[in-house]
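Residue numbers (this note's numbering), protein chains in the order written: chain A, 933 to 1063; chain B, 49 to 366.
Quick reminder that beta carbons are idealized off the backbone N, C-alpha and C, glycines included.
The model shown is predicted, which means the values in this text are computed figures rather than measured ones.
For reference, the structure is listed below as structure tokens.
Right, dumping it as structure tokens:
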């Protein structure tokens, strides 16, 4: 029996494209990502922002989640697990943004409550005096 | 041979299907993200106050949904769905923050309004109190003025009264001195003090026997009396004639009257106004001694000249 070599004439144009497609797919699906240093930096910045915005006091749960994700991302970076590092850093970034927004909104609501209470006290005073 | 031609194609198909992708199935995170986004999208507060964040969230949801529809692996879809869910939450928080800030602004204005009202009311009340106080002060001041005037008037009155009292006291002292002086002089006339006043007694020897005419001694006495009376024009006299009990009562009555009149006439002749002299006869009705002895009878035959105390020209009846 002769060796079953794939004769060049069997690879048609269509098949060429298809093969290229499959290879591309395989490569895309299972390719290794570069170190997500930019994403890590962004995540760190956002976590700091969240702390400055009073996340500790006004959004402790969200801030904690953000910091845990960031820690995980750093560990993944160290382990050169860049896929995971990128994903965790992305989550840390959005968690930190949410913590900051929650803190700002909580502060504003507190201020509104204070002002409302002030007005009520003033109203009561006024009503009492006018009795 | 045909099978061999299609082999790479089927290989591709299998690779596509069984490679790094999974079959599209309902991802719970994506479902949550989608439903949360729907709520936010229909919340007027979020659409109005956080439109940019809402749009960003919407884009994230679409991206996650596309990945799911495309058949991306679960991890990818999870990641995109999680990010989308968080972005929806961010949009909601931003809306809450802006809403609260607006409230602060609105209520802040309201609070200033109420404060202004309160201050105005306070100022009005203070003004009222001040006005009241001013009115009170005015009334008090008027009262004080009135009291001062009253005091001044009563002081004047007091001073006047004091002066009048002093004058009266001085006058009374003067009068008393005068009376004392007069009493001394009357004593020189042998007047004695009785409860009717100073009394000078003209005895029987001063009259002619059983007559009403005065003897020389009588006239002498009358002169002394006239001197006294002209010296002290305020003093008036009462002249009372008395007899003993010899003879009839009517005779004695008439005699006593004639004797009293004799003394009166003597005084008048000496210049004393008859207005100052009251002459009357008491007959035998008022003896000072017994009528049983001659001495007694002689004593009873007398004329008494009485200078009443406090008798002044002011008291005399005209």
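By the criterion of Cβ-Cβ separation under 7 Å, what are the contact partners of residue i in chain A?
i, result
"residue 137 (chain B)", "1030"
"residue 144 (chain B)", "1037, 1041"
"residue 134 (chain B)", "1026, 1027, 1030"
Show which residues of chain B have a CB atom less than 9 Å away from the CB atom of residue i.
i, result
"residue 965 (chain A)", "Ordered by position in chain B, no residue passes the 9 Å Cβ test against residue 965 (chain A), which lies about 13 Å from the chain."
"residue 1043 (chain A)", "148, 149, 151, 152"
"residue 1054 (chain A)", "159, 162, 163, 165, 166"
Near residue i, what residues of its chain come up, given a Cβ to Cβ distance below 7 Å and the 5 sequence neighbours on each side ignored?
i, result
"residue 365 (chain B)", "Its pLDDT being 43, under 50, residue 365 (chain B) is placed unreliably in this model, and the coordinates cannot settle the point."
"residue 971 (chain A)", "1018, 1021, 1022"
"residue 244 (chain B)", "354, 356"
"residue 136 (chain B)", "81, 84, 85, 88, 105"
"residue 133 (chain B)", "77, 80, 81, 84"
"residue 1015 (chain A)", "965"
"residue 986 (chain A)", "1035, 1039"
"residue 961 (chain A)", "Per-residue confidence for residue 961 (chain A) stands at a pLDDT of 48, beneath the threshold of 50, marking its modelled position as unreliable; the derived number appears in the next sentence. Excluding sequence neighbours, residue 961 (chain A) sits near nothing in its chain."
"residue 278 (chain B)", "319, 320"
"residue 266 (chain B)", "250, 254, 255"
Counting only Cβ pairs nearer than 8 Å, list the residues of chain A close to residue i.
i, result
"residue 169 (chain B)", "1058, 1061, 1062"
Identify, in the order they occur along the chain, each residue of the same chain with its Cβ nearer than 6 Å to the Cβ of residue i, setting aside the five sequence neighbours on each side.
i, result
"residue 353 (chain B)", "248, 285, 287"
"residue 372 (chain B)", "This structure cannot speak to residue 372 (chain B), because chain B is shown only from 49 to 366."
"residue 237 (chain B)", "248, 272"
"residue 362 (chain B)", "Note that residue 362 (chain B) has pLDDT 42, beneath the 50 cutoff, so the model's placement of it is unreliable and no number is given."
"residue 983 (chain A)", "none"
"residue 303 (chain B)", "291"
"residue 1029 (chain A)", "978"
"residue 142 (chain B)", "98, 101"
"residue 211 (chain B)", "none"
"residue 967 (chain A)", "1014"
Using C-beta distances below 8 Å, list every residue in its chain close to residue i, excluding the 5 sequence neighbours before and after it, in chain order.
i, result
"residue 139 (chain B)", "88, 94, 98, 101, 102, 104, 105"
"residue 292 (chain B)", "300, 332, 335, 339, 344, 345, 346, 348, 349"
"residue 316 (chain B)", "322, 325"
"residue 214 (chain B)", "none"
"residue 175 (chain B)", "none"
"residue 147 (chain B)", "93, 97"
"residue 373 (chain B)", "Because chain B here runs from 49 to 366, residue 373 (chain B) falls outside it and cannot be looked at."
"residue 124 (chain B)", "115"
Could you work out which residues of chain B lie near residue i, taking near to mean beta carbons separated by less than 7 Å?
i, result
"residue 1034 (chain A)", "141"
"residue 1051 (chain A)", "155, 158, 159, 162"
"residue 977 (chain A)", "Within chain B, no residue comes near residue 977 (chain A); the closest Cβ sits about 16 Å away, beyond 7 Å."
"residue 1019 (chain A)", "127"
"residue 1048 (chain A)", "155"
Assuming residue i and residue j form a contact by the criterion Cβ under 8 Å, report the distance between their Cβ atoms to the nearest whole angstrom.
i, j, result
"residue 981 (chain A)", "residue 1032 (chain A)", "5 Å"
"residue 1054 (chain A)", "residue 159 (chain B)", "6 Å"
"residue 1043 (chain A)", "residue 152 (chain B)", "5 Å"
"residue 108 (chain B)", "residue 75 (chain B)", "Not a contact, Cβ separation roughly 14 Å."
"residue 261 (chain B)", "residue 253 (chain B)", "With 8 Å as the limit, residue 261 (chain B) and residue 253 (chain B) do not qualify as a contact, their Cβ atoms being about 13 Å apart."
So which residues of chain B does residue i contact, with C-beta pairs closer than 8 Å?
i, result
"residue 1022 (chain A)", "127, 131"
"residue 995 (chain A)", "Neighbours of residue 995 (chain A) on chain B: none; closest Cβ ~13 Å, over 8 Å."
Can you list the residues of chain A that residue i reaches, using a CB-CB cut of under 9 Å?
i, result
"residue 186 (chain B)", "Here the premise fails: no neighbours, minimum Cβ distance about 27 Å."
Query raised in the report: Between the segment 270-285 of chain B and the segment 314-324 of chain B, do at least 3 Cβ pairs fall closer than 8 Å?
Result: yes
Taking 8 Å as the cut-off, does the segment 977-993 of chain A touch the segment 1026-1045 of chain A (at least 3 CB pairs, one atom from each stretch)?
yes
Would you mind listing the beta strand (DSSP E) stretches within the segment 246-317 of chain B that are 3+ residues and don't spill past its ends, in chain order? 285-290
Kindly confirm or deny that the segment 107-124 of chain B and the segment 77-86 of chain B touch, where touching means at least three C-beta pairs closer than 8 Å.
yes
_Below 8 Å, how does it come out for the segment 1044-1053 of chain A and the segment 1002-1018 of chain A: are there three or more Cβ pairs, yes or no?_
no
* Fully enclosed by the segment 1009-1063 of chain A, which alpha helix (DSSP H) runs are 4 residues long or longer? -> Runs found: 1014-1061.
What are the start and end residues of each continuous beta strand (DSSP E) run of 3 or more residues lying completely inside the segment 163-219 of chain B, in chain order?
none
Can you list, in chain order, the stretches of the alpha helix (DSSP H) that have 4 or more residues and sit fully within the segment 116-167 of chain B?
none
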